[in-house]
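Participant: Here the sequence shown is numbered in the UniProt record's numbering, starting from 1 and rising by one per residue.
All C-beta atoms, glycine included, are put in the ideal place defined by N, C-alpha and C.
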Amino acid sequence: MNMENDLKEEFNRRRRAIWAAFMSLKEATDKLMHPELRAHLFDIDLQAHCYAAGN
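Rendered as structure tokens:
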């Protein structure tokens with residue numbers, strides 16, 4: 001169970017880091033008129049931060 005708790009804590013830490021990074025861009029992305037572009041930028045940001053958090 002300890003390993004499961006450690007993994008859960010790590011997942012939560014990574015999720016908070018990803019959202020913090022995305023929210024720092026929120027002001028700029030809120031001004032974008034195209035929802036598809038906003039979604040694409042979020043996907044790119046999410047992938048980059050997931051990769052960085054794993055290394």
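Work out the CA separation of Arg14 and His34 for me, nearest whole Å.
Facilitator: Against the sequence shown, residue 34 aligns to sequence position 34. Against the sequence shown, residue 14 aligns to sequence position 14. In a straight line, the C-alpha of His34 is about 28 Å away from that of Arg14.
Participant: Could you spell out the range, first to last residue, of the alpha helix (DSSP H) harbouring Lys26?
Facilitator: Here residue 26 refers to the residue found at position 26 when the sequence shown is read from its first residue. Per DSSP, Lys26 belongs to the alpha helix (DSSP H) from 26–30.
Participant: Following a CB-centred definition, is Arg15 positioned closer than 7 Å to any heavy atom of the ligand SAH?
Facilitator: Looking for the ligand SAH in the displayed structure turns up nothing, as the structure carries no ligands at all.
Participant: Could you tell me whether the Cβ atoms of Phe42 and Phe11 are closer together than 8 Å?
Facilitator: Reading the sequence shown from its first residue, position 42 is the one you call residue 42. Reading the sequence shown from its first residue, position 11 is the one you call residue 11. No, the pair does not count as a contact, with Cβ atoms beyond the cut-off.
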